[in-house]
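Protein chains in written order, with the UniProt record's numbering: chain A, 1 to 309; chain B, 1 to 419.
Note that CB positions come from ideal geometry on N, CA and C, so glycine has one too.
Reviewing the structure listed below.
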Amino acid sequence: MLETVQLSKQFKGKTVVDEVDLYLDQGESVGLLGPNGAGKSTTISMISSLLKPTSGDVTLNQQSIIKNPAELRAVLGVVPQDIALYQELSAYENLKFFGRIYGVPKQQLESRIQETLEIVGIKERQQGLIKTFSGGMKRRVNIATALLHNPKILILDEPTVGIDPQSRHYILEMVRQLNQQGTTVLYTSHYMGEVEQLCDRVYIMDHGQVIAKGTKAELLSILSNEDTINVQLDRIDDEFLSSARAIDGVRKVEVSGNSIHIIAKQERQIVSQLVKISDQFDVQIKNFQMETPSLENVFLHLTGRTLRD
Amino acid sequence: MWAFLTKDLLLFWRDRKEVAVIILLPIVLVVLLSLVVPGMFGEETSESYDLDLALVVEDQQDQGFERFQEEVEPSNDQSQQMIDQLQAMPPVDGLVAYLNSPELAEWVTVNQMDLDQAQTQVDEGELDAALIIPEHYTYQLLNEMVLDEPSEATLQFQASGQSQEVDMLRQMIQRYLDQINLQYAVASSGSQVDSANDNLPEGGVENVEGQSMFSMEHYFTFSMAALFTLFLAATVATRTGIEKREQTFNRIALTNAPPLYYLMGKTISTFILAWLQMMFVLVGAHLILGVFTEEGPTFWVGLIVMATLYALAIAAISSIMTSTMLRVKNNDTGDGIFMAVVMVLGVIGGNFVPINVLPNWLQQIGELTPNGLILATLTEWVQDQTYSLLVMPTVILVAIIVTALSIGIAVYPKRGEQS
């Protein structure tokens, strides 16, 4: 349905998106995961025709939309990361304005506004000015605006940034329902939990490149022969860390506060070795946990960094 | 496009602080300036005229006539008629009488004295100026007027320094002499001669016969209306910057709405706001201060036509600023540039201080700015409601509108070009 082919973007000679290939099939929910600055928003800007790529192509049903994006715009809804609404206008007035310029027929506009307000759950507050809304409510109107023209494809760029858990849950549930009703979704986030929860397939981006892609199961299989162990210590000791890194089978040791995260090959005697060196350097192990692999671990495995680094 | 237009007007209306600044502030300023400034500079100006003039009469008028008649035989009846006329209304007596007339007595004190005394007192600054009627002045004047022979019949005017009042007195004497010369010339052709009568300056503004008075209230009303309407162009550009920063412009760009609808919405809404602002200030100043009480329908028609053209010019300029704002990387840079442009236009257009305090070359440029042009045009219009006066300003304003709109459209970013 929607596809990017070797999509690249350079700003002043610096490559911020590098030959990205991704596709969305009809009705799919696809995640674009990566830390801040990975190139997700720039990729979305190019897909949505807001930004011209330096090279590569974006196609809708095998037709390039770079030069003639009108067809894509008619079926695409974009929820930007920022609250792209007029603060001095009410939710209703914002929807009415954007509905008109999206080309929603006049006789359908009122009903579409009320439908979308219903979907995002702010029908009762529709006459309130945006500037008086909480962060969560603004996010909901931000989404409603992208739904006005009943898009077949919905791109959401970090739609839950900076909002309360209740609003986040509401938005995630709303996106899931839209997807279940047939809307194709491209969801970007640096919250891997959201992507795991919502998406059928995931692209992981870092430094402008897609570094991994596939279903959740496929991505987790990257870690199939590795364990992640979280160890809480009473203190961090440099000699202890050096010795831990030197244990046979340990691939990475990450420090976070007084805890360390160890990625190591399975079926190795890591635990007994850790106990041994803790005695040796007088470091007390306060807690010990074998972690179920997640996309966060996949990202850590691939980049050596966490998503929030 | 209607959606863009209503959105922009609604956004403007919701910003009550801006509405207050744009509509009320100029009216408040017009009222304050009209009440305060004339009291400081204007109304007291006429009362502050207090010139001391030395009058030195070295000419002996009667001897001059006698000598001329002894030496010269009138060549024809016309010459004799002129001599008779001059004797009936002797030029030196007429000038002395004029200087001592009640009209001049209000602001000039004439002291008759001899030459040495006059020069000493002028040099020492005790007197402002001296008018010297030299020896044989009447005789030489007769030679020049009757025989058309070159002579040295010249009055001498000496002043202790340059001042507006001294210049005015010099001009008044010159105008009197010009009028006398004309009257003698007319009389020599057999027509009726009226005694010389000249209007004196009153207040800070010269009242030209057949024209309405242009007052400080008029100046402040026109200049504030033009200036604050000009500010509107920068305000609209600032709003564009906010739409860019808050990503609403990008959201608009994601729709299939024709790109220029955004610019046209901005331009038309600016025109409506600019026109309303002009009208609020002009009508407000009239209702509060009675600025145009004596004006009739013709004046208002011309005023509305020019205000409409000016509002269109401001809208066209705002289209350049809007397009530029969409291209600049930093909104603050755009705001700074636009405010600087408005301030420069305001200064050279004469909205902050009257344009005549500026150098001539700058005045000429200033009168080509829309705000300077509207100010100069309305200044003339309030004094003389002849429609032909509006033709050239209309042509210039239309040229500004077309040029500015073309630039605005050319600069407007194509898809994917906005910063």
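Can you round the beta-carbon distance between residue i and residue j to whole angstroms, since I take them to be within the 8 Å contact cut?
{"i": "B:D62", "j": "B:V92", "result": "No, B:D62 and B:V92 are not in contact; Cβ-Cβ is about 10 Å, not under 8 Å."}
{"i": "B:T109", "j": "B:D52", "result": "5 Å"}
{"i": "A:L33", "j": "A:V195", "result": "5 Å"}
{"i": "A:I155", "j": "A:I236", "result": "With a Cβ gap of about 42 Å, A:I155 and A:I236 do not count as contacting."}
{"i": "A:L198", "j": "A:Y191", "result": "About 10 Å; that fails the 8 Å criterion."}
{"i": "B:M216", "j": "B:V37", "result": "6 Å"}
{"i": "B:N331", "j": "B:R251", "result": "Their Cβ separation, rounded to whole angstroms, is 17 Å, which puts B:N331 and B:R251 out of contact at 8 Å."}
Since residue i is in the alpha helix (DSSP H), which residue starts that stretch and which ends it?
{"i": "B:V92", "result": "91-99"}
{"i": "B:A105", "result": "102-105"}
{"i": "B:G64", "result": "61-71"}
{"i": "A:K216", "result": "216-220"}
{"i": "A:M137", "result": "135-147"}
{"i": "B:Y412", "result": "No alpha helix (DSSP H) holds B:Y412; DSSP gives it neither H nor E."}
{"i": "B:Y139", "result": "137-146"}
Within the continuous beta strand (DSSP E) that includes residue i, where are the two ends?
{"i": "A:K9", "result": "2-11"}
{"i": "B:V236", "result": "Premise fails: B:V236 lies in the alpha helix (DSSP H), 216-245, not in any beta strand (DSSP E)."}
{"i": "A:T160", "result": "Neither: A:T160 is in no beta strand (DSSP E) and is coded neither H nor E."}
{"i": "A:S256", "result": "250-256"}
{"i": "A:N230", "result": "226-233"}
{"i": "A:I262", "result": "259-265"}
{"i": "A:I122", "result": "Where A:I122 is concerned, there is no enclosing beta strand (DSSP E), given that its DSSP letter is neither H nor E."}
{"i": "A:K286", "result": "285-291"}
{"i": "A:E196", "result": "Counting along the chain, A:E196 falls outside any beta strand (DSSP E), though it belongs to the alpha helix (DSSP H) covering 192-198."}
{"i": "B:G284", "result": "Note, B:G284: premise wrong, no beta strand (DSSP E); alpha helix (DSSP H) at 259-289."}
Beta-carbon within less than 8 Å of residue i's beta-carbon, same chain only, minus the 5 sequence neighbours each way: which residues are those?
{"i": "B:A404", "result": "A313, A316, I317, S319, I320"}
{"i": "A:P69", "result": "S49"}
{"i": "B:W390", "result": "Trp is not the amino acid found at residue 390 of chain B; the sequence shown has Leu there. Result list for B:L390: G302, V305, M306, T377, W381, in chain order."}
{"i": "A:I211", "result": "I204, M205, L302, T303"}
Quick check: the Cα distance between residue i and residue j, rounded to an integer number of angstroms?
{"i": "B:T255", "j": "A:N142", "result": "15 Å"}
{"i": "B:D335", "j": "B:I242", "result": "11 Å"}
{"i": "A:Q181", "j": "A:F299", "result": "31 Å"}
{"i": "B:L11", "j": "A:R73", "result": "26 Å"}
{"i": "B:L276", "j": "A:T183", "result": "47 Å"}
{"i": "A:T303", "j": "A:K67", "result": "36 Å"}
{"i": "A:Q81", "j": "A:V161", "result": "8 Å"}
{"i": "B:D84", "j": "B:V146", "result": "11 Å"}
{"i": "A:D25", "j": "A:L2", "result": "7 Å"}
{"i": "B:L282", "j": "B:T221", "result": "6 Å"}
{"i": "B:E202", "j": "B:I268", "result": "Because B:E202 sits at a pLDDT of 33, beneath the cut-off of 50, its placement in the model cannot be relied upon, and the following sentence gives the value as read from the coordinates. Distance between the alpha carbons of B:E202 and B:I268 is about 45 Å."}
{"i": "B:D77", "j": "B:L104", "result": "37 Å"}
{"i": "A:H301", "j": "B:P413", "result": "43 Å"}
{"i": "A:G121", "j": "A:S278", "result": "54 Å"}
{"i": "A:D234", "j": "A:Q284", "result": "6 Å"}
{"i": "B:M264", "j": "B:L362", "result": "33 Å"}
{"i": "B:A234", "j": "B:L227", "result": "11 Å"}
{"i": "A:L220", "j": "A:D206", "result": "17 Å"}
{"i": "residue 310 of chain A", "j": "A:S41", "result": "Given a span of 1 to 309 for chain A in the structure shown, any question on residue 310 of chain A remains unanswerable."}
{"i": "B:T386", "j": "B:E295", "result": "13 Å"}
{"i": "B:R170", "j": "B:I180", "result": "15 Å"}
{"i": "A:L274", "j": "A:P35", "result": "31 Å"}
{"i": "B:I337", "j": "A:G128", "result": "36 Å"}
{"i": "B:T238", "j": "B:L24", "result": "20 Å"}
{"i": "B:N371", "j": "B:L345", "result": "7 Å"}
{"i": "B:T138", "j": "B:P359", "result": "42 Å"}
{"i": "B:D114", "j": "B:M82", "result": "31 Å"}
{"i": "A:I130", "j": "A:L95", "result": "11 Å"}
{"i": "A:S242", "j": "A:N230", "result": "17 Å"}
Report all residues from its chain with a CB closer than 7 Å to the CB of residue i; omit the five preceding and five following residues, and keep chain order.
{"i": "A:V104", "result": "R112, L148, H149"}
{"i": "B:Q121", "result": "A54, L127"}
{"i": "B:A274", "result": "T229, L232, A311, I314, A315"}
{"i": "A:K152", "result": "V75, T183, T184"}
{"i": "A:A146", "result": "G77, V78, V79, L154"}
{"i": "A:D18", "result": "S8, G208, Q209"}
{"i": "A:I247", "result": "I270, Q273"}
Please go through the same chain and pick out, in chain order, the residues whose beta-carbon is closer than 6 Å to the beta-carbon of residue i, but skip the five residues on each side of it.
{"i": "A:S64", "result": "D57"}
{"i": "A:A244", "result": "V253"}
{"i": "residue 310 of chain A", "result": "Residue 310 of chain A cannot be examined here, being either before or after the span of chain A that is shown, 1 to 309."}
{"i": "A:R140", "result": "V120, I122"}
{"i": "A:Q6", "result": "E19, G56"}
Any chance the CB of residue i is under 8 Å from a heavy atom of the ligand GDP?
{"i": "A:Y102", "result": "By its list of ligands, the structure shown contains no ligand whatsoever, and the ligand GDP lies outside what it can speak to."}
Review point. Which whole runs of the alpha helix (DSSP H) in the region 316-345 of chain B are 4 residues long or more, in chain order?
Key: DSSP runs (the alpha helix (DSSP H)) wholly in the region 316-345 of chain B: none.
Practice item. With a floor of 4 residues, list each alpha helix (DSSP H) that falls wholly inside the region 62-99 of chain A, ordered by position along the chain. Key: Scanning the region 62-99 of chain A for uninterrupted alpha helix (DSSP H) segments of 4 residues or longer gives 70-75, listed from N- to C-terminal end.
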